[in-house]
Amino acid sequence: MIEGSMDSPAHLTDQEYSRLLTLRTGLRQLLRSSERRAAEAGVTDAQHQLLLAVRGHSDPDGPSVGEIAGYLSARHHSVVQLIDRTEQLGLVVRRRGEGKDRRIVRLMLTEAGRRTLALLGAAHLEELQRLTPLHSVLDSPAPVPQTG
304 MIEGSMDSPA
314 HLTDQEYSRL
324 LTLRTGLRQL
334 LRSSERRAAE
344 AGVTDAQHQL
354 LLAVRGHSDP
364 DGPSVGEIAG
374 YLSARHHSVV
384 QLIDRTEQLG
394 LVVRRRGEGK
404 DRRIVRLMLT
414 EAGRRTLALL
424 GAAHLEELQR
434 LTPLHSVLDS
444 PAPVPQTG
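If you number the sequence shown the way this note's numbering does, the last residue is 451 and the count never jumps.
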């Protein structure tokens, strides 16, 4: 339950509920499309998210396992298992840190990982274009609870 919702529930207009429905429906469509396209590329949606987290990370040495866990909002041990499966597919490699702390493991994409991510990235951009109406929902002012 949303914090404070029982004490002072928000009074939304029909238009605001409609905007919320449009947003949630569009997000679900994007997620389902993402899952389908990932499966077509031979990876799970979580593996696709892992590839994206590695590629999108700003440090050229690659993200650490802990940073990946943060990107995926997942627990460290779950991410290690995901990395294991993705590494077995030849999409990522682990590299030991070369600086002061050699305990840090960083991830890099392999050539196969880069190709897979590029394929999925292009498909996702197409899907985002199809869902352009979501932009208008997001650009609209946020619902303001009405006091009773």
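Beta carbons: idealized from backbone N, C-alpha and C, even for Gly.
A quick note: this is a predicted structure, and the numbers were derived from the prediction, not measured.
query = Among E430, R433, T419, L326, which has the Cα closest to the Cα of A344?
reply = T419
query = What span of residues does the beta strand (DSSP E) with L410 cover, start to end?
reply = Per DSSP, L410 is one residue of the beta strand (DSSP E) stretching across 408-412.
key: Cβ shell of I371 (< 6 Å), same chain only, five flanking positions each side left out   = A356, V382
Boundaries of the beta strand (DSSP E) in which R398 is found, first to last residue = Run containing R398: 395-399, per the beta strand (DSSP E) assignment.
ask   = Considering only residues of the same chain and omitting the five flanking positions on each side of L354, which have a CB-CB separation below 8 Å?
value = Counting only Cβ-Cβ distances below 8 Å, and skipping sequence neighbours, we find V346, T389, L394, V395, L412, G416, T419, L420, L423.
key: Helix, strand or coil at V447 according to DSSP, with G and I counted as helix   = Because V447 sits at a pLDDT of 46, beneath the cut-off of 50, its placement in the model cannot be relied upon, and the following sentence gives the value as read from the coordinates. In the structure shown, V447 sits in coil (DSSP, three-state: anything other than H, G, I, E or B).
request  = Helix, strand or coil for S367, going by three-state DSSP, please let me know.
outcome  = strand
task = Evaluate R378 with the Cβ neighbour count: other Cβ atoms within 10 Å of its Cβ, from every protein chain shown; 16 or more gives buried, anything less gives exposed.
result = exposed
inquiry  = Extract the residue ranges of the alpha helix (DSSP H) inside the segment 317-360, only unbroken runs of 4 or more that lie entirely within it.
reply    = 317-343, 348-359
query = Excluding the five sequence neighbours on either side, which residues of its own chain have a C-beta within less than 6 Å of the C-beta of H351, listed in chain order?
reply = Cβ-Cβ distances below 6 Å link H351 to A341, L423 in the same chain, with the five nearest sequence neighbours on each side left out; the list follows chain order.
request  = Take the Cβ of P363 as the centre, count every other Cβ of all protein chains shown within 10 Å, and call the residue buried at 16 or more, exposed below.
outcome  = exposed
ask   = How would you write the range of the alpha helix (DSSP H) that R388 sits in, first residue to last?
value = 379-391
inquiry  = Here's the rule: buried if 16 or more other CB atoms are within 10 angstroms of the residue's CB, otherwise exposed. What is G329?
reply    = buried
request  = Mark L385 as exposed unless 16 or more other C-beta atoms lie within 10 angstroms of its C-beta, in which case mark it buried.
outcome  = The residue in question, L385, is buried, as its Cβ has 16 or more Cβ neighbours within 10 Å.
message = Could you compute how far the alpha carbon of G455 sits from the alpha carbon of L324?
response = Nothing can be reported for residue 455: it is not among the residues displayed for the chain, which extend from 304 to 451.
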